[in-house]
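Participant:
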Amino acid sequence: MSFYNIKMSDKLVDVNSDIRGEVYRESLRMNKEGIEVLKLNTGNPATFGFTMPASVKKALTENMDNAVAYCDLQGMPSAREAIVDYHTKRGVKNVKMENIFITNGVSEAASMLMTALVNYNDEVLIPTPSYSLWTNTTLIAGGKPVFYKCDEKANWYPDIEDIKSKITSNTKAIIIINPNNPTGAVYPEEVLREILKVAKENKLVVISDEIYDRLLMPGVSHTSVAAIADDQLVITLNGLSKSHVICGFRCGWMLISGRTEEAPMLIEGLVKQASMRLCSNALTQLVIPAALEDSASTIEMMSPGGRLYEQSKATVEAINKCETLECVKNDGAFYIFPKILRKECNIRDDRKFALDLLHEKKILIVPGSGFDYETPDHFRIVMLPQPEILANAVYEIDDFLKNYTQK
Ligand SMILES: Cc1ncc(COP(=O)(O)O)c(C=O)c1O
935 MSFYNIKMSD
945 KLVDVNSDIR
955 GEVYRESLRM
965 NKEGIEVLKL
975 NTGNPATFGF
985 TMPASVKKAL
995 TENMDNAVAY
1005 CDLQGMPSAR
1015 EAIVDYHTKR
1025 GVKNVKMENI
1035 FITNGVSEAA
1045 SMLMTALVNY
1055 NDEVLIPTPS
1065 YSLWTNTTLI
1075 AGGKPVFYKC
1085 DEKANWYPDI
1095 EDIKSKITSN
1105 TKAIIIINPN
1115 NPTGAVYPEE
1125 VLREILKVAK
1135 ENKLVVISDE
1145 IYDRLLMPGV
1155 SHTSVAAIAD
1165 DQLVITLNGL
1175 SKSHVICGFR
1185 CGWMLISGRT
1195 EEAPMLIEGL
1205 VKQASMRLCS
1215 NALTQLVIPA
1225 ALEDSASTIE
1235 MMSPGGRLYE
1245 QSKATVEAIN
1255 KCETLECVKN
1265 DGAFYIFPKI
1275 LRKECNIRDD
1285 RKFALDLLHE
1295 KKILIVPGSG
1305 FDYETPDHFR
1315 IVMLPQPEIL
1325 ANAVYEIDDF
1335 LKNYTQK
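Position one of the sequence shown corresponds to residue 935 (the numbering used here), numbered consecutively onward.
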């Protein structure tokens, strides 16, 4: 008989990360048996041969000695100055160093923010489909995620009427993920203005996860919501994991802007948590000024001939040739969220579909339910392998779906 009988805490029961969930664990088991799997589940560029920009490497190696001590709990002044400069250039007004928190990735920032902001029974509007970080941090903070629709027929833009219909007296905040994971959508300014209007009318805090703001397809521009918000409280999150392909560095930040005079206790809550963990990794803060100066390496990846551009092109072209799939082309980031068209597949459990695909084709994808998507007919592909590998994977998935039926 068990002596301690330890169970997982109730707070974590509904927390899920399908990107590294049960299907992923099955792929690791297969690896141990010597079976190779094409892993299209995580947005981790370095695992596909992407290397850090020379600017980042130089900043790190030349300044290492400056990162030996704990630094300021909100982040090194030189790094925060570079962040002030970056967001000011992006059009955000009145950006102040004291309103910036450098964190161990956007993930830590999200967790600190939701802990500081959300009370029991507070509702947080979260897009569906969406990257699970925001649902999970809301749940752990004791809040209730309430999903608003992003409409595939409208380029996956947020559905404003749906947002309005989901607001109650308990709604505290709205999350925007722009550019979006998993859809790759980049929202036009008009859509952002409408969200801001709804948020203002209902006194909602606007939280904008803009980690992919520099990863844009040619001709696409990104509007930072904080830059167009007048007289509203906006919290913007950003980081270097994706634009400078240094996910393992754990380098992110958040910026509180707009009506900050109304949020001293929120900032106090963030300071409490930042001081609890002393400071975020100082080594990685060293590279922030150099990285934010260096936009060339990111632009190159997203331009014709660049890997992220060519990989997206090959994937989208391949999907468009398939009988069983269709997709909305991504305008940013490196994800695509195809729809399964073949009704005879009768997919009711998309995790089972992912598992069956893994076993038969040795390809790992993340099912739509991992992004809190309502119907089991979508999945996400991470477009990080070389173009021919991605195109081939799409044809293999199509081949699988042509003969697949869930009983
Ligand atoms: C939308 C979004 N936000 C945040 C993160 C986490 O970023 P970080 O590596 O800075 O913790 C990811 C990672 O995939 C993401 O897709």
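Just so you know, even glycine gets a beta-carbon here, dropped at the ideal spot from N, CA and C.
Straight-line CA distance for Arg963 to Tyr1065?
Facilitator: C-alpha separation (whole angstroms): 25 angstroms.
Participant: Any residue with its Cβ nearer than 6 angstroms to a heavy atom of ligand 1 should be included. What is that list in chain order?
Facilitator: Gly977, Gly1039, Val1040, Ser1041, Tyr1065, Leu1067, Ile1111, Asn1115, Asp1143, Ile1145, Gly1173, Ser1175, Cys1181 and Gly1186
Participant: Mind checking Val990: buried by the 16 CB within 10 Å criterion, or exposed?
Facilitator: buried
Participant: The alpha helix (DSSP H) with Asn965 in it runs from where to where?
Facilitator: Glu956 to Lys966
Participant: Looking at C-beta atoms only, is the number of pairs between the stretch 1127-1138 and the stretch 995-1009 that lie closer than 8 angstroms three or more?
Facilitator: Contact fails: fewer than three Cβ-Cβ distances are below 8 angstroms.
Participant: Leaving out five residues before and five after Ser1158 in sequence, what residues of the same chain have Cβ atoms less than 8 angstroms from its Cβ?
Facilitator: Only residues of its own chain outside the window of five on either side were considered, and among them His1021, Arg1024, Gly1025, Val1026, Ser1142, Glu1144, Asp1147 and Thr1170 have a CB closer than 8 angstroms to the CB of Ser1158, listed in chain order.
Participant: Do Asp1306 and Thr1072 come within 7 angstroms of each other at the CB atom, strictly closer than that value?
Facilitator: no
Participant: Provide the residue span of the beta strand (DSSP E) that contains Trp1090, from first to last.
Facilitator: No beta strand (DSSP E) holds Trp1090; DSSP gives it neither H nor E.
Participant: Taking Gly1366 as the reference, which of Asp1311, Arg1184, Val1139 and Gly1304 has the closest Cα?
Facilitator: Outside the shown range of the chain, which is 935 to 1341, sits residue 1366, and nothing can be said about it.
Participant: As a quick exercise: from Asn1264, Lys1098 and Pro1122, pick the residue whose alpha carbon is nearest that of Lys1134.
Facilitator: Lys1098
Participant: With a cut-off of 8 angstroms, do at least 3 Cβ pairs link the stretch 959-975 to the stretch 1283-1303?
Facilitator: yes
Participant: Mark Asp1349 as exposed unless 16 or more other C-beta atoms lie within 10 angstroms of its C-beta, in which case mark it buried.
Facilitator: Since the displayed the chain opens at 935 and closes at 1341, residue 1349 lies outside it and no answer follows.
Participant: In three-state terms, what does DSSP make of Val1139?
Facilitator: DSSP places Val1139 in strand when its eight states are reduced to three.
Participant: Do you know how far the Cα of Glu1015 is from the Cα of Arg1285?
Facilitator: 45 angstroms
Participant: If you draw a straight line from the alpha carbon of Gly1266 to that of Ser1246, how long is it in whole angstroms?
Facilitator: Cα to Cα, Gly1266 sits roughly 10 angstroms from Ser1246.
Participant: Are Ser1177 and Leu1217 close, meaning C-beta to C-beta below 7 angstroms?
Facilitator: In this structure, Leu1217 does not lie closer than 7 angstroms to Ser1177 by Cβ.
Participant: With DSSP as the reference, label Ile1108 as helix, strand or coil.
Facilitator: strand
Participant: Once you ignore the five residues that flank Phe1334 on each side, which residues in its own chain have a CB closer than 7 angstroms to its CB?
Facilitator: Leu1291, Glu1294 and Lys1295
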